[in-house]
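Everything on this sheet refers to the single structure shown next.
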Amino acid sequence: MHGLGRALLGLGVLVASCRGARQCTPLARAAGHLAGTKGVRRHSLTSCPRVPTAVWGALCPAPARWKSRTPTMEKAAGALKYLSQEEAQAVDEELFNEYRFSVDQLMELAGLSCATAIAKAYPATAFTNNLATVLVICGPGNNGGDGLVCARHLKMFGYEPAIFYPKRPNKPLFEGLTTQCQKMDIPFLSEFPAEAELIDGAYSLVVDAIFGFSFKGAVREPFASILKTLKHVTIPIASIDIPSGWDVETGNPDGIQPDFLISLTAPKKSAVHFTGRYHFLGGRFVPLALQKKYNLALPPYPGTDCIAQLP
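According to mature numbering (1 follows the signal peptide of the UniProt record, and there is no 0), the sequence shown holds residues -20 to -1, 1 to 291 in order.
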């Protein structure tokens, strides 16, 4: 009995120690990332006794708070709906008319999403010589407004944006966004660099905020020349909602081919032709009832994030 009691006591100590080790494992991993692999091993040796794998699962189930409660992006993205131009306009109209969102409200949420996704794909500290210089090209409509908001947030995130905004609407909303950028010492270019090599030499990234999903018809100057130049740059291009110059539904194989695309509200049909490395969904402002009405099947956003990366 004395030997059995000692064995049971030892098992109790093992279980208690094992449970404690399992609960601290996420912290140990975090410490390992900060202090290096050596720190993780030291923690493991002092807190995590080596136990046979078959026994470990029974004695030390992972705490429920560490279990994922969110469907995987791949499963959710399988039914993701790509909107036609008409559907995208209908969703926008309901957001404005039925849900009473304002243009500047959605523009702020969209622009913040764009800047957040860019920071995730191209961290400011990852650029050569830490020169996180970004050329933001803004068009005359709401897509250009998204670009202005994006530039402002990029500045707050540690980037050095410069804006080319050749066709400025005479409206208080856009004038206010322009003033905000100017007050934050974001330069506005008076001329667009005439050659792709000049852009490559001066900037690390281009943000294409020229045309959105409502654009139709032929591209006119000065934007036709701008897009022609952008086709030859070697630095990454990040397009907001639609790569400018693309048909909203069929794309444009001869147009610019961005490395990054952030689809706002929901992806448009042209996004199926996107071949770049980074595709994000941004906004997180579409009410659930509206998502169901249009069968959007939007993927889950991680935690409280305003963006979700698409496969």
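Glycine is no exception: its CB is placed at the ideal position from the N, C-alpha and C atoms. Here the structure is a predicted model, which is why all the values come from computation and not from measurement.
For residue j and residue i, the rounded distance between their alpha carbons
i: E54; j: I287; result: The pLDDT assigned to E54 is 37, lower than 50, so where the model puts this residue is not dependable, and the model offers no usable value.
i: V186; j: E155; result: 22 Å
i: P267; j: I222; result: 22 Å
i: N109; j: S184; result: 11 Å
i: Q237; j: P141; result: 21 Å
i: P149; j: G283; result: 37 Å
i: L153; j: C94; result: 19 Å
i: K147; j: L111; result: 28 Å
i: F265; j: T159; result: 26 Å
i: N232; j: T209; result: 16 Å
i: E201; j: E175; result: 16 Å
i: L128; j: Q162; result: 10 Å
i: K196; j: M136; result: 34 Å
i: L92; j: I242; result: 11 Å
i: T230; j: H253; result: 8 Å
i: N77; j: E177; result: 45 Å
i: Y139; j: R257; result: 21 Å
i: S194; j: Y281; result: 26 Å
i: L89; j: V228; result: 22 Å
i: I215; j: K273; result: 40 Å
i: E74; j: Q271; result: 11 Å
Exposure label - residue i; buried when at least 16 CB within 10 Å
i: P79; result: What sits at residue 79 in the sequence shown is Tyr, not Pro. The residue is exposed, with fewer than 16 neighbouring Cβ atoms inside 10 Å.
i: R132; result: buried
i: M164; result: exposed
i: A101; result: buried
i: A198; result: exposed
i: V213; result: buried
i: N123; result: buried
i: S250; result: buried
i: T269; result: Reading off the sequence shown, one finds Ala at residue 269, where the question assumed Thr. Exposed, by the Cβ-count rule.
i: T96; result: buried
i: N275; result: exposed
i: P167; result: exposed
i: P291; result: exposed
i: P103; result: exposed
8 Å contact criterion, which residue i and residue j should meet: CB distance rounded
i: F203; j: L169; result: About 15 Å; that fails the 8 Å criterion.
i: G121; j: G192; result: 6 Å
i: I220; j: D72; result: About 15 Å; that fails the 8 Å criterion.
i: L60; j: A277; result: 5 Å
i: A182; j: T105; result: 19 Å between Cβ atoms; not a contact.
i: I206; j: F240; result: No, I206 and F240 are not in contact; Cβ-Cβ is about 18 Å, not under 8 Å.
i: L63; j: I98; result: Going by Cβ atoms, the distance from L63 to I98 rounds to 23 Å, so no, they are not a contact pair.
i: I179; j: L115; result: 6 Å
Cutoff 8 Å: residue i Cβ touching any chain C Cβ
i: Y258; result: As a matter of chain content, chain C is missing from the structure shown, which is built from one protein chain.
Residue i - partner residues in DSSP beta bridges
i: G262; result: L244, I287
i: residue 327; result: Here the chain has residues from -20 to 291 only, and residue 327 is not among them.
i: T113; result: E140
i: G231; result: D227
i: L220; result: Sequence inspection shows Ile at residue 220; the Leu mentioned does not correspond to that position. I242.
I want to know whether the region 58 to 76 touches the region 230 to 247 - three or more CB-CB distances under 8 Å.
Verdict: yes, contact present.
Touch test, the region 249 to 261 against the region 277 to 287, Cβ-Cβ under 8 Å, three pairs minimum:
Enough Cβ pairs lie closer than 8 Å, so yes.
At least three beta-carbon pairs within less than 8 Å, the region 103 to 120 to the region 84 to 95:
No contact exists between the region 103 to 120 and the region 84 to 95.
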